[in-house]
Amino acid sequence: MTTIRLTAAQAMVRWLSVQMTAEGDRFIEGVWGIFGHGNVAGLGEALHGIKDTLPTWRGHNEQTMAHTAIAYAKAHKRTRAMAVTTSIGPGATNMVTAAALAYVNRLPVLLIPGDVFANRAPDPVLQQVESFADGTISANDCFRPVSRYFDRISRPEHILTALPRAMRVMTDPAECGPVTLAFCQDVQAEAYDYPETFFTPKVWHIRRPAPDAQELQTAIAALQAAKAPVIVAGGGVIYSQAEADLAAFATAHNIPVVETQAGKSALPHDHALNYGPVGVTGSSSANIVCETADLVIGLGTRFQDFTTGSWSLFKHPNRKILSINVQPYDAAKHGALALVSDAKIALQALGLALQSHKYASPDAKLKADWVAAKAAVKATPAAGNHLPTDMQVVGAVQRAATPQTVVMGAAGTMPGELHKIWDAAQGGYHMEYGFSCMGYEVAGALGIKMARPHADVICMVGDGSYMMANSELATAVMMGVPFIVVLTDNRGYGCINRLQKHTGGAPFNNLLDDSYHVNASAIDFVAHAASMGAKAVKANDIADLEAKLHAARDSAIPVVIVIDTDPAPSTAEGGTWWEVGVPEVSVRPAVNAARKNYETSKEKQRLAD
Numbered sequence: 001m002t003t004i005r006l007t008a009a010q011a012m013v014r015w016l017s018v019q020m021t022a023e024g025d026r027f028i029e030g031v032w033g034i035f036g037h038g039n040v041a042g043l044g045e046a047l048h049g050i051k052d053t054l055p056t057w058r059g060h061n062e063q064t065m066a067h068t069a070i071a072y073a074k075a076h077k078r079t080r081a082m083a084v085t086t087s088i089g090p091g092a093t094n095m096v097t098a099a100a101l102a103y104v105n106r107l108p109v110l111l112i113p114g115d116v117f118a119n120r121a122p123d124p125v126l127q128q129v130e131s132f133a134d135g136t137i138s139a140n141d142c143f144r145p146v147s148r149y150f151d152r153i154s155r156p157e158h159i160l161t162a163l164p165r166a167m168r169v170m171t172d173p174a175e176c177g178p179v180t181l182a183f184c185q186d187v188q189a190e191a192y193d194y195p196e197t198f199f200t201p202k203v204w205h206i207r208r209p210a211p212d213a214q215e216l217q218t219a220i221a222a223l224q225a226a227k228a229p230v231i232v233a234g235g236g237v238i239y240s241q242a243e244a245d246l247a248a249f250a251t252a253h254n255i256p257v258v259e260t261q262a263g264k265s266a267l268p269h270d271h272a273l274n275y276g277p278v279g280v281t282g283s284s285s286a287n288i289v290c291e292t293a294d295l296v297i298g299l300g301t302r303f304q305d306f307t308t309g310s311w312s313l314f315k316h317p318n319r320k321i322l323s324i325n326v327q328p329y330d331a332a333k334h335g336a337l338a339l340v341s342d343a344k345i346a347l348q349a350l351g352l353a354l355q356s357h358k359y360a361s362p363d364a365k366l367k368a369d370w371v372a373a374k375a376a377v378k379a380t381p382a383a384g385n386h387l388p389t390d391m392q393v394v395g396a397v398q399r400a401a402t403p404q405t406v407v408m409g410a411a412g413t414m415p416g417e418l419h420k421i422w423d424a425a426q427g428g429y430h431m432e433y434g435f436s437c438m439g440y441e442v443a444g445a446l447g448i449k450m451a452r453p454h455a456d457v458i459c460m461v462g463d464g465s466y467m468m469a470n471s472e473l474a475t476a477v478m479m480g481v482p483f484i485v486v487l488t489d490n491r492g493y494g495c496i497n498r499l500q501k502h503t504g505g506a507p508f509n510n511l512l513d514d515s516y517h518v519n520a521s522a523i524d525f526v527a528h529a530a531s532m533g534a535k536a537v538k539a540n541d542i543a544d545l546e547a548k549l550h551a552a553r554d555s556a557i558p559v560v561i562v563i564d565t566d567p568a569p570s571t572a573e574g575g576t577w578w579e580v581g582v583p584e585v586s587v588r589p590a591v592n593a594a595r596k597n598y599e600t601s602k603e604k605q606r607l608a609d
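Using full-length UniProt numbering, read the sequence shown as starting at 1 and increasing by one per residue.
Okay, here's the thing in structure tokens:
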């Protein structure tokens, strides 16, 4: 057997550089890295040696580097990914939030935190977390609950098995998610005679599981018995690249489609059978269709509580749920009829069984009324001194959008408003709402633009979320990756302030003026963004915002447009109940009233079968 002598770190990066997609691209496009104690000498040197083949990029924060990598994978529909390496200690644990985000959203990312010395000779080393009860534990064990696969590389030959296992997980449609390979720092630098065959390029195919025959017959029987089915389209439709199949199936059989946050833009907004977003941030048209359906067909959705209205939307005892999902865990939720299958394959099989069968047409007026309601809240306000609403900001961005626009966000007001009222072209919507992680937005926009360089990427972010994490704006400037940031300044956490008041609470600790302060907060976001090298401007009103959006489109660097907004209003139309625990005992009448409403709403909740 012919071998080649390499350090473990050199072998790792060489192997990663030859793991290919069916289209001939590297699956791991490159590596984000902040070097420090634990990875600079081993992995840092190895990455330098391969930088012309496997690029390395430098970020400003470990968590947001990983967010960029995750957004890249999401924009590529899980067919490509990135790796992220950090030092040990705080550099590693900074990534735990991002690992949880990828875990919840089932998105592939390879995390390579440095680890302590496998030989333990210098223990305790700088930044080492010592367990009094377990000598094998390091800070990186924090990743175990939020990794689909976790391994510790404590011998150089471990990568011979660990790396293929990592790729298997990241390319598995059911198990897909973050992989953590904690890499002991002394082992990174140790040499080993690796088989040359280990570095033979390998193509990874993402499988399409076909349905079990019995499950398929049960699903067909449920469809044949149904009178008014509805399809709840989730992210699995997009990851399966089944958008055209969904459109064809819905059209052939006259079935209305409603969209989750992850599934929005699977169908273009103007498709006749797209009845809009579903659930808490849903449209009246979609929610009414779901309430009156006798069969709810979950297609690639995990039925998150925002989708189901905390399971109040699908309560009717005669309503059946058919869940089509590659992951059996999701397919079996709430006593659903499970059809474990790839979305594309399932739609084709069900379509073949239904043949030319058509269901009664859904009420077209429901959709028309919702389209009118959306238009009203997005309209340009009359001239005056009032602050614009976030919905009017969305309207301005909508009017400035092109067919190439991808609007994105993650937390606060924007996910709810964009899910409700944004008119998405197919593939034009990117929302991280599985974990709803504040601070994902700017880093995520960078990842989307790297994945889709010809897209018109617009990041919608509130001031609170921007303040959580904004440093990758400087990275985007440095790398010459342009996108537009629309920063709505409502002076605090407007979304959670509305929830606080809705549940009877007094405005407290959310808006800056309602928080403890000696000096009133007055953050100059234009100056802040400009200090990182972005082009930054202030929009005076909605008309000015539209003008500045058009002017920003051809910029070679990121553009940040700041606009002041009113924190109070939200879109009143649509929506459904969402369970938030309200105190059972309070001296505040408003809380007691909210508790009564809570108890009444709980009666509508569908319990697990």
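For every residue, glycine included, the Cβ atom is placed at its ideal position computed from N, Cα and C.
Check whether residue i and residue j have beta carbons under 8 angstroms apart
| i | j | result |
| --- | --- | --- |
| Ser285 | Lys367 | yes |
| Leu487 | Ile561 | yes |
| Met20 | Ile159 | no |
| Leu545 | Ala536 | no |
| Ser383 | Leu549 | Note on identity: in this sequence residue 383 is Ala, with Ser being the wrong assignment. No. Outside cutoff. |
| Thr64 | Ala443 | yes |
| Thr565 | Asn510 | no |
| Phe483 | Pro381 | no |
| Leu111 | Glu432 | no |
| residue 612 | Trp577 | Examination of residue 612 is not possible in this model, given that the chain is present from 1 through 609 alone. |
| Gly494 | Met460 | no |
| Pro113 | Met170 | no |
| Ala81 | Phe27 | yes |
| Leu223 | Leu347 | no |
Exposure of residue i, with buried meaning 16 or more beta-carbon neighbours within 10 Å
| i | result |
| --- | --- |
| Ala99 | buried |
| Asp186 | buried |
| Leu352 | exposed |
| Ser555 | exposed |
| Gly36 | buried |
| Glu599 | exposed |
| Tyr329 | exposed |
| Pro567 | buried |
| Tyr192 | buried |
| Gln188 | buried |
| His357 | exposed |
| Ile584 | Looking at the sequence itself, residue 584 is Glu, so the reference to Ile does not match. The residue in question, Glu584, is exposed, as its Cβ has fewer than 16 Cβ neighbours within 10 Å. |
| Val485 | buried |
| Lys51 | exposed |
| His67 | buried |
| Gln10 | buried |
Spatial neighbours of residue i in its chain, beta-carbon cut-off 6 angstroms, leaving aside the 5 residues before and after
| i | result |
| --- | --- |
| Glu196 | Thr2 and Ile4 |
| Thr56 | Val31, Gly33 and Leu47 |
| Tyr466 | Leu487 |
| Lys208 | The identity of residue 208 in the sequence shown is Arg, whereas the question assumes Lys. Around Arg208: Asp342 and Ile345. |
| residue 621 | Missing from the structure shown is residue 621; the chain here goes from 1 to 609 and no further. |
| Arg152 | Ala182 |
Contacting residues, own chain, Cβ-Cβ under 8 angstroms from residue i (five flanking each side not counted)
| i | result |
| --- | --- |
| Asp243 | According to the sequence displayed, residue 243 carries Glu and not Asp. Only Val237, Ala266, Leu267, Gln426 and Gly427 meet the Cβ criterion. |
| Ala520 | Leu512 and Asp513 |
| Lys332 | Here residue 332 turns out to be Ala, not Lys, going by the sequence shown. Cβ within range, chain order: Ser323 and Ala338. |
For residue j and residue i, believed in contact at Cβ under 8 angstroms, the rounded distance
| i | j | result |
| --- | --- | --- |
| Asp115 | Gly38 | 7 angstroms |
| Ser17 | Thr53 | 5 angstroms |
| Pro415 | Gln261 | 7 angstroms |
| Tyr149 | Val125 | With 8 angstroms as the limit, Tyr149 and Val125 do not qualify as a contact, their Cβ atoms being about 26 angstroms apart. |
| Leu473 | Ala534 | 6 angstroms |
Contacting residues, own chain, Cβ-Cβ under 7 angstroms from residue i (five flanking each side not counted)
| i | result |
| --- | --- |
| Cys290 | Val230, Val258, Val278, Val296, Leu313 and Phe314 |
| Ala343 | Gly236, Val237, Ser240, Ala242, Leu299, Gly300 and Ile324 |
| Ala139 | Ile88, Gly89, Ala92, Thr93 and Val129 |
| Arg588 | Gly504 |
| Lys378 | Met391, Gln392, Val394, Gly395, Gln398 and Ile421 |
| Ala552 | Ile484, Val559 and Ile561 |
One or two residues paired with residue i in a DSSP bridge
| i | result |
| --- | --- |
| Asp115 | Cys184 |
| Lys344 | None, per the DSSP bridge assignment. |
| Pro211 | None, per the DSSP bridge assignment. |
| Leu295 | Pro229 and Lys320 |
| Val179 | Leu110 and Tyr149 |
| Ile563 | Thr488 |
| Cys459 | Met408 and Val485 |
| Leu6 | Tyr192 |
| Ile28 | Ala81 |
| Tyr429 | Val407 |
Near the ligand GTP: residue i beta-carbon under 7 angstroms from a heavy atom
| i | result |
| --- | --- |
| Lys604 | No copy of the ligand GTP occurs in the structure displayed, which carries no ligand at all. |
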